[in-house]
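A short worksheet on the structure shown next.
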Amino acid sequence: MNRITQTLETLKQENKKALVSYIVNGDPTPEITIPAMHSLVESGADIIELGVPFSDPMAEGPVIQRGHERALTHGTSLLGTLDIVRTFRETNKFTPVVLMGYANPVIRMGFAEFAKNAAEAGVDGLLTVDLPPEEAGKLDEELQAVDIKNIFLVAPTTTEERIKEITAAASGFVYYVSLKGVTGAGHLDVSSIKSQVDTIRKYTSLPILVGFGIKDATSAKAVSELADGVVVGSILVKEMGESYSGSQKKVLESLKNIVHPIRAGLDN
C-alpha cells in the first residue's frame with residue numbers, strides 16, 4: 010500500500026490528525042535537508058512535503074520564495090531532489106514523502122521518466138501547483154502505474170462544480186488552501202474553511218488536509234477539528250532561513266521548537 014494511504018488510514022483508526030511539514034530542498038544549504046527531514050519526523054510530522062525549488066513559484070509568498078531562491082543558488086534541481094529522497098529512504102522506510110513544485114521540471118524530464126525515477130527514489134506523492142486536472146491525464150497514468158498519488162489543490166474560490174472535477178481526479182488526499190492568495194498570507198477564517206471542507210466531503214472520501222496560514226498549535230488545533238490534518242510550511246521555511254548561521258544544530262533545534270508544540274496541540 011502507498012505510504013500516504015497507509016499513514017492516513019492508521020491515523021484515522023487512532024483518531025489522530027495528520028501533521029504535514031513542508032520545507033524546500035536545498036534551503037538554506039543542500040547539506041541540511043536530510044537532517045531536517047529526520048528532525049521533522051522525530052518531532053512529530055507524519056508526512057514530509059519537500060519543495061522542489063523553482064525560479065517562478067507563483068503560489069508562494071515572500072517567505073517561501075526566498076527559500077526557493079536560497080536553494081537555487083546551490084544549483085538544486087528536480088534530479089537532486091530525487092537523490093535527497095533516495096538518501097532519506099536509506100534510513101526511513103515509513104514516512105511518506107510528497108514532492109511539491111511546478112510542472113515545468115516534470116514536463117522537461119518527461120512524465121514516464123519522472124514517474125520511474127520518483128518511484129525508485131521512494132516518492133509517495135506529487136503536487137504540481139500549476140497543473141490542472143484536465144491537463145494531468147498522461148502524468149496521472151504514469152503515476153498510477155508506480156503507485157504514486159497525484160494530489161490536487163482546492164482553493165477558497167473554487168466553485169462546487171470545479172470541486173467535483175478536482176476530487177474525481179485526486180488521489181492520496183485533497184489539499185485545501187485555507188487562504189485567498191499565496192502561502193503565508195492573511196489570517197484564517199475558520200467558518201469559511203468549514204464551509205468549503207464540508208463541500209469537498211460531499212464529493213470524495215479521501216482525507217482532506219488544510220494548509221496555508223497554519224503557524225502554531227492554536228491555528229493547527231482549530232483547523233484540525235474541521236479536517237483530517239494540517240500542512241505547516243511558511244513558519245518552518247522562515248525559521249530555517251533566519252536561524253542558519255553555519256550551524257545545522259541551531260536550525261534543527263528551531264524546527265523541533267516549532268513542530269513539537271503543534272504536534273502536542275493536535276493530539277490534545
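Each residue of the sequence shown is one higher than the last, beginning at 10 in our numbering. We put the beta carbon where it would ideally sit given N, CA and C, even for glycine.
Residues sharing a beta bridge with A27, DSSP: Locating residue 27 in the sequence shown gives position 18, counting from the first residue. DSSP output for A27 lists G238 as bridge partner(s).
With a CB to CB cut of under 6 angstroms and the five nearest residues on each side skipped, what residues in its chain are close to A164? As a first step, residue 164 must be located in the sequence shown, where it is residue number 155. Counting only Cβ-Cβ distances below 6 angstroms, and skipping sequence neighbours, we find V186.
I need the straight-line Cα distance from R171 to G181, nearest angstrom please. For the purposes of this step, residue 171 is taken as residue 162 along the sequence shown, with counting starting at 1. For the purposes of this step, residue 181 is taken as residue 172 along the sequence shown, with counting starting at 1. Computed Cα separation, rounded: 18 angstroms.
Terminal residues of the continuous beta strand (DSSP E) containing E58? Against the sequence shown, residue 58 aligns to sequence position 49. Start and end: 56–60.
For R117, count neighbouring Cβ atoms within 10 angstroms of its own Cβ and tell me buried if that reaches 16, exposed if not. As a working note, residue 117 is residue 108 in the sequence shown. Exposed, by the Cβ-count rule.
Counting Cβ pairs closer than 8 angstroms, one from the region 18–33 and one from the region 230–237, do we hit at least three? yes
Which listed residue (S252, A273, I267) has its alpha carbon closest to that of T38: Within the sequence shown, numbered from 1, the residue matching residue 38 stands at position 29. Comparing Cα positions, the closest option is S252.
Give the secondary structure of E157 by DSSP, where H, G and I count as helix, E and B as strand, and everything else as coil. Position 148 of the sequence shown, counted from the start, is the residue given in the question as residue 157. The question names Glu, but residue 157 is Ile in the sequence shown. Correct three-state label for I157: coil.
Does the Cβ-Cβ distance between V61 and L108 come in under 9 angstroms? Numbered from its first residue, the sequence shown carries residue 61 at position 52. Numbered from its first residue, the sequence shown carries residue 108 at position 99. Taking 9 angstroms as the Cβ cut-off, V61 and L108 qualify as a contacting pair.
Counting Cβ pairs, one atom from each stretch, are 3 or more of them under 8 angstroms apart for the region 85–92 and the region 118–134? yes
Nearest by alpha-carbon distance to F158: which of L215, S233, R95 is it? For this step, residue 158 is matched to residue 149 along the sequence shown. This sequence places Lys at residue 158; Phe is not what is there. Of the candidates L215, S233, R95, the one whose C-alpha sits nearest the C-alpha of K158 is L215.
Does the separation of the CB atoms of Q205 and T176 fall below 9 angstroms? Sequence index remark: in the sequence shown, residue 205 carries index 196 (1-based). Sequence index remark: in the sequence shown, residue 176 carries index 167 (1-based). Not closer than 9 angstroms, so no.
Under 9 angstroms between the Cβ atoms of G110 and S243? Residue numbering aside, residue 110 sits at position 101 when the sequence shown is read from its first letter. Residue numbering aside, residue 243 sits at position 234 when the sequence shown is read from its first letter. No, the Cβ-Cβ distance between G110 and S243 is not below 9 angstroms.
Residues that DSSP places opposite V186 in a beta bridge: Reading the sequence shown from its first residue, position 177 is the one you call residue 186. The partner list for V186 (beta bridge, DSSP) reads G220.
Please tell me whether I41 and L59 are closer than 9 angstroms, where the distance is taken between their beta carbons. Start at 1 with the first residue of the sequence shown, and residue 41 comes out as number 32. Start at 1 with the first residue of the sequence shown, and residue 59 comes out as number 50. No, these two residues do not count as a Cβ contact at 9 angstroms.
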